[in-house]
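Report on the structure given below.
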Amino acid sequence: MTTPFDYAPAPESRSIVDIKPSYGLFINGEFVDGHGKSFKTISPATEEVLAEVAEADDADVDAAVKAARRAYDRVWSRMPGRERAKYLYRIARIIQERSRELAVLESIDNGKPIKESRDVDIPIVAAHFFYYAGWADKLEYAGRGADPRPLGVAGQIIPWNFPLLMLAWKIAPALACGNTVVLKPAETTPLTALLFAEICQQADLPPGVVNIITGAGGTGQALVAHPGIDKVAFTGSTDVGKAIARTVAGTDKKVTLELGGKAANIVFDDAPLDQAVEGIVTGIFFNQGHVCCAGSRLLVQESIADELLAKLKRRMSTLRVGDPLDKNTDVGAINSAEQLARIRELSDIGEAEGAGRWSPECVLPQHGFWFPPTIFTGVTQAHRIAREEIFGPVLSVLTFRTPAEAVEKANNTPYGLSAGIWTEKGSRILKIASQLRAGVVWANTFNKFDPTSPFGGYKESGYGREGGRHGLEAYLR
Amino acid sequence: MSDRIDVRKTYKLYIGGAFPRSESAYSYEVKDSKGKFVANAALASRKDARDAVAAARKAFGPWAGRTAYNRAQIVYRIAEVMEDRRPQFVQAVVQSEGLTASKAEKVVDAAIDRLVWYAGWADKITQVVGNANPVAGPYFNLSTPEPTGVVAVLAPQESSLLGLVSVVAPVIVTGNTVVVVSSYERPLPAVNFAEVLATSDVPGGVVNILTGSAPTVAPWLASHMDVNAIDLVGVAGDLGLATDLEVAAADNLKRVRRAPAAEPDWAVNPGLDAMTAFLETKTVWHPIGV
Amino acid sequence: MTSTPTVLDDVTRTESSLRQFLHGLPGVDQVGAEARAAGLGTRSIKTSAKAYALDLAIRMVDLTTLEGQDTPGKVRALAAKAMRPDPADPTCPAAAAVCVYPDMVATAKQTLGESGVHVASVATAFPSGRAALDIKLADTRDAVEAGADEIDMVIDRGAFLAGHYQRVYDEIVAVKAACARSNGEDAHLKVIFETGELQTYDNVRRVSWLAMMAGAHFIKTSTGKVQPAATLPVTLVMLEAVRDFRELTGQMVGVKPAGGIRTAKDAIKYLVMVNEVAGQDWLDPDWFRFGASTLLNDLLMQRTKMTTGRYSGPDYFTLD
Chain A
-13 MTTPFDYAPA PESRSIVDIK PSYGLFINGE FVDGHGKSFK TISPATEEVL AEVAEADDAD
47 VDAAVKAARR AYDRVWSRMP GRERAKYLYR IARIIQERSR ELAVLESIDN GKPIKESRDV
107 DIPIVAAHFF YYAGWADKLE YAGRGADPRP LGVAGQIIPW NFPLLMLAWK IAPALACGNT
167 VVLKPAETTP LTALLFAEIC QQADLPPGVV NIITGAGGTG QALVAHPGID KVAFTGSTDV
227 GKAIARTVAG TDKKVTLELG GKAANIVFDD APLDQAVEGI VTGIFFNQGH VCCAGSRLLV
287 QESIADELLA KLKRRMSTLR VGDPLDKNTD VGAINSAEQL ARIRELSDIG EAEGAGRWSP
347 ECVLPQHGFW FPPTIFTGVT QAHRIAREEI FGPVLSVLTF RTPAEAVEKA NNTPYGLSAG
407 IWTEKGSRIL KIASQLRAGV VWANTFNKFD PTSPFGGYKE SGYGREGGRH GLEAYLR
Chain B
2 MSDRIDVRKT YKLYIGGAFP RSESAYSYEV KDSKGKFVAN AALASRKDAR DAVAAARKAF
62 GPWAGRTAYN RAQIVYRIAE VMEDRRPQFV QAVVQSEGLT ASKAEKVVDA AIDRLVWYAG
122 WADKITQVVG NANPVAGPYF NLSTPEPTGV VAVLAPQESS LLGLVSVVAP VIVTGNTVVV
182 VSSYERPLPA VNFAEVLATS DVPGGVVNIL TGSAPTVAPW LASHMDVNAI DLVGVAGDLG
242 LATDLEVAAA DNLKRVRRAP AAEPDWAVNP GLDAMTAFLE TKTVWHPIGV
Chain C
3 MTSTPTVLDD VTRTESSLRQ FLHGLPGVDQ VGAEARAAGL GTRSIKTSAK AYALDLAIRM
63 VDLTTLEGQD TPGKVRALAA KAMRPDPADP TCPAAAAVCV YPDMVATAKQ TLGESGVHVA
123 SVATAFPSGR AALDIKLADT RDAVEAGADE IDMVIDRGAF LAGHYQRVYD EIVAVKAACA
183 RSNGEDAHLK VIFETGELQT YDNVRRVSWL AMMAGAHFIK TSTGKVQPAA TLPVTLVMLE
243 AVRDFRELTG QMVGVKPAGG IRTAKDAIKY LVMVNEVAGQ DWLDPDWFRF GASTLLNDLL
303 MQRTKMTTGR YSGPDYFTLD
């Protein structure tokens, strides 16, 4: 009889981060007190209060937009691209230099495992700034004519699932193209954005080029509706995306929306099964399933469904759920009590609708917000858990018999952000990929991101692309 | 003057490759630029719009699935057939827009040339707006444009032929299908155009033309959950209506090409925007290994 | 005769059924397999877990010398080291085995005696495997008769790459038969694939199943004479194969990565992989081995660091 190989706790040190008791708003290059109220940001893993953060009111939003406009008119839009590039390169380098600090802070505030913030989020953040820095003095080659011009001031609103990464996706292309920005981080995850403000100071970025205003939905609404902005970039829920589209109707504001999804991850009977299992796990349990492009619907060919599910369950049993700062944690904390309630509600509905619920045995911490990796089998297209975005570590398993049925089911959703295909047959990949109505198709892989690669949805998953040459279009005239 | 009584044409809608009257059985008087009665055109209803969307949806998959080369040939074929019926179009433009014959000829020429220009884009746009992306890892990564789907187009009110062609051709050449609401007061070139389409190898349902009132029909198209995008140029200058339509379009996040303050000059080189507004970028990843 | 578990009888009946089965195994996506291996490699094994892993790794080492310049003196020294890796620390466990050429088996056996440390011998025209079958079998019998507890045979890679799966299968079966001792016991058979020559993970998966169906007790990556030797992803694919084989047949087969594993850090990555891919049952010298020589000293240095709290140096460990 062998003894178990119990991994001892391997916590990343928190000492590298210095969280202040309270934060103001970052407007015109300085931290200032807001006029409004303040709110607390907590650690979802412990429910400990991390800091008090200002809630920007209409006057604060106005001040930020005005600062951005001044910086745009007087400095940033006039600066040669090669000089803007150097600021962005500086920022990229500082992010690399302070990467561990950023990773730890991200995991504390968001609840995601340190191995993800350390190996995925922060490296891609730096890469994103590095990539777009290089575009700043090459915009005439971007396919938008000989003299592409910036739009002006961009109002940017980002979600809580990849706080700093979404900031990078918004700010890097905007600045590279010569726009200035007012960015609102999500209510539950403001801290890395505020640290980013400090990085802008270290980089000597001219005041007003980047403004960070914290707050909740009301602050976001004020920003979107502000007449002084020329562009709205939003990542978040489809409902809010629609509200934004209505708000900007009839204006000249350019809009890009990166919204929800209910991606199908299609596994054919000739798939590389072990890698498919990894792709399914990455697809839905990466970042606790708080991923708009998560592969939340597994479509598996009936002939291999039992074998695949057995492998998947075995693999899920090795997932380590717990302390986000433990370097061996695979699945961290659910970001908020509110989100946890939503995941619970939809899971309960799934059970009530007759789907088979399964989670591996795992001991969840006493405090904080936790949900075990969960799969539902016997799900049909009519189940709510197969239609609604759960945004948590919950996978719905459906089966199909033929390629046509797989495509039909995959496309049978108002969303169209991403999809996965697993098969060893090359021609099938290309056929299915062309039939799927989704902006990103991962074949024999899943949840891969790169600054050079455009990302964005079809249908109700939004419009516009972030990343790559396409990502410039959102910020150029 | 001959004693012969001429045979007049009935101006109908064009839906799914057929020429129905409006299901509502309504029509409206079309007058020439001098106010003289020319014809009764079918007045499209919301149900006609619904039928047109269904026809466009049905046609979308097969049309998008054709080779770009084939779509190029078909759009070029439209130009060929138009050229063949040039006098008829010149007459319609003279009637509708009140231009002199020589000016109308120029407009018709420009419309035909525009079709030829767009036809050539069918198998080039992918190369111009697509990308191979050098991701930092062992992955093949390719971004290609795909048609958005069913596009509603409110055709310009003034430029009844060149404007119409300039908003329809870029939408279909990339593989979308379209439901067009023609100029209200100047619908006849659009009906002639429909007759050209019907004889130009364009599959039924790819272009559906509704004659009638944008303020009446457009709200149904803007709010229709099976329409993927809308071009509002036909309500240029009517900010209130344009805003209402854009709000309605948000219900399913249609791609909206906003209405300008005034109708644009259709003679200028259109660039890519009319095509890219109704294209989605699809990015496909695949590992590179042995 | 055959060693195939009964559920797989039909598979090994003919050349074509064997081919069909091997080519019907799910493919291995290279990038995905390597990403999974790299991901497991980021596990952070600290304190008590590290102490456990280091001792386990020491117990799994097949301390190896396979050189033309090997002498009885060298082999005796190696055997002594296998029994007492850290002479200064009696709590340090012994290695699993010493691994030598057949002509050194007697010497090794003599030194190791009843210590419990096994003698493993390479055989079958190691490392190339390019010899007639009767020579390979004689080579094997020679080592077994000299007292080898374990035989590390090489497959005929040429035959495998040419698609002559039946030939490879039959040869393993024949070598296994040659592992029988007159007293009715068997030397355990490890089958070396030389994965560096087979190149693709699809081949690694196929050859793993081929060897397991032919009755291998262990499947082993490499001879150590070809680069690349053992890698994490190759071992991952083999661990998946033994896991799936047990699922199907109920029989456990061991895995031995050999060559290129030089640091304790690397060894721990392998143990994490064993733990999370094949499962805890394989965390035992009976089911997992490291074919290595320099690895042992690094394990010992790390072990000393764990017990003393300071970094050690090579002068404090024997070179044998």
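Sequence lines, in order, name chains A, B and C. Numbering (our numbering) for the first sequence: -13 to 463. Numbering (our numbering) for the second sequence: 2 to 291. Numbering (our numbering) for the third sequence: 3 to 322. The beta carbon of each residue, even a glycine, is placed where N, CA and C say it ideally should be. Note that this is a predicted model, so its numbers are computed, not measured.
B/D252 reaches chain A at K228, counting residues in chain order whose Cβ is nearer than 8 Å. Closest in C-alpha terms to B/S34, from the list B/V94, B/K107, B/V179 and B/A251, comes B/V94. The beta strand (DSSP E) runs lying completely inside the region 149 to 236 of chain B and spanning 3 residues or more are 151 to 155, 178 to 182, 208 to 211 and 230 to 232, given in chain order. Proximity of the region 189 to 207 of chain B to the region 15 to 29 of chain B meets the contact definition, three or more beta-carbon pairs being nearer than 8 Å. With a contact defined as Cβ atoms closer than 8 Å, B/W64 and B/T178 qualify at about 6 Å. Taken in chain order, the members of the region 188 to 203 of chain C whose beta-carbon sits within less than 8 Å of a beta-carbon on chain B are Q201 and T202. The region 41 to 48 of chain C makes no contact with the region 70 to 85 of chain C: fewer than 3 CB pairs, one atom from each, lie closer than 8 Å. Each of C/L273, C/V255 and C/G256 was checked against the Cα of C/I263, and the nearest Cα belongs to C/L273. Interface flag for B/V285 against chain C is unset, since no Cβ pair is found closer than 7 Å. Assigned with DSSP and collapsed to three states, A/I100 falls in helix. A/T166 carries a strand assignment under DSSP once its states are collapsed to helix, strand and coil.
In the DSSP annotation of this structure, C/A96 is not part of any beta strand (DSSP E), being labelled neither H nor E. From the beta-carbon of B/T282, the residues of chain A found nearer than 8 Å are G425, P440, G442, R451 and H456. For C/V193, the closest of C/T202, C/E242, C/V255 and C/R132 by C-alpha to C-alpha distance is C/V255. Using a Cβ distance threshold of 7 Å, B/A191 and B/I210 count as a contacting pair.
Excluding its 5 nearest sequence neighbours in each direction, C/D151 has C-beta neighbours in its own chain below 8 Å: A99, H120, V121, A122, A189 and H190, listed in chain order.
Here the C-alpha atom of C/L285 lies approximately 22 Å from the C-alpha atom of A/C348. In the three-state DSSP reduction, A/W146 falls in the coil class, being neither helix nor strand. Residues of chain B with a Cβ closer than 7 Å to the Cβ of C/G43 do not exist; the shortest Cβ-Cβ separation is about 16 Å. Excluding sequence positions up to five before and after A/Q142, its CB lies within less than 6 Å of the CB of K156, V167, L169 and A219, all in the same chain and listed in chain order.
Contact note: B/I289 reaches chain C through Q32 and V33, using a C-beta cutoff of 9 Å and chain order.
Within the same chain, Y(-7), A(-4) and R306 come within 7 Å of A/N314 by CB-CB distance, once the 5 residues on both sides are set aside. Judged by DSSP secondary structure, B/E30 falls within the beta strand (DSSP E) whose first and last residues are S28 to K32. Closest in C-alpha terms to B/N134, from the list A/H456, A/Y461 and A/R463, comes A/H456.
For A/P258, the closest of A/W408, A/R135 and A/P193 by C-alpha to C-alpha distance is A/W408. Beta-bridge partners assigned by DSSP to B/R258: B/D232. With the rule of 3 Cβ pairs closer than 8 Å, the region 425 to 437 of chain A counts as touching the region 271 to 289 of chain A. Chain-ordered, the chain C residues with CB closer than 8 Å to the CB of A/A(-6) read I47, K48, T49, S50, A51 and K52.
Separation of B/G36 and B/A57 (C-alpha to C-alpha, rounded to the nearest whole angstrom) is 34 Å. Within its own chain, the residues whose Cβ lies closer than 6 Å to the Cβ of C/T113, once the five positions on either side in sequence are excluded, are R78 and A81, listed in chain order. Runs of the alpha helix (DSSP H) spanning 4 or more residues and lying entirely within the region 401 to 440 of chain A occur at 412 to 421, in chain order.
Contact with chain A is found for B/A137, since one of that chain's Cβ atoms lies less than 7 Å from the residue's Cβ.
The bridge partners DSSP lists for A/E244 are A/T221 and A/G448.
B/N132 carries a strand assignment under DSSP once its states are collapsed to helix, strand and coil. Neighbours of C/L273 in chain A, taken as residues whose beta carbon is under 7 Å from its own, are F(-9) in chain order. Counting of Cβ neighbours within 10 angstroms places C/F162 among the buried residues, the total reaching 16 or more.
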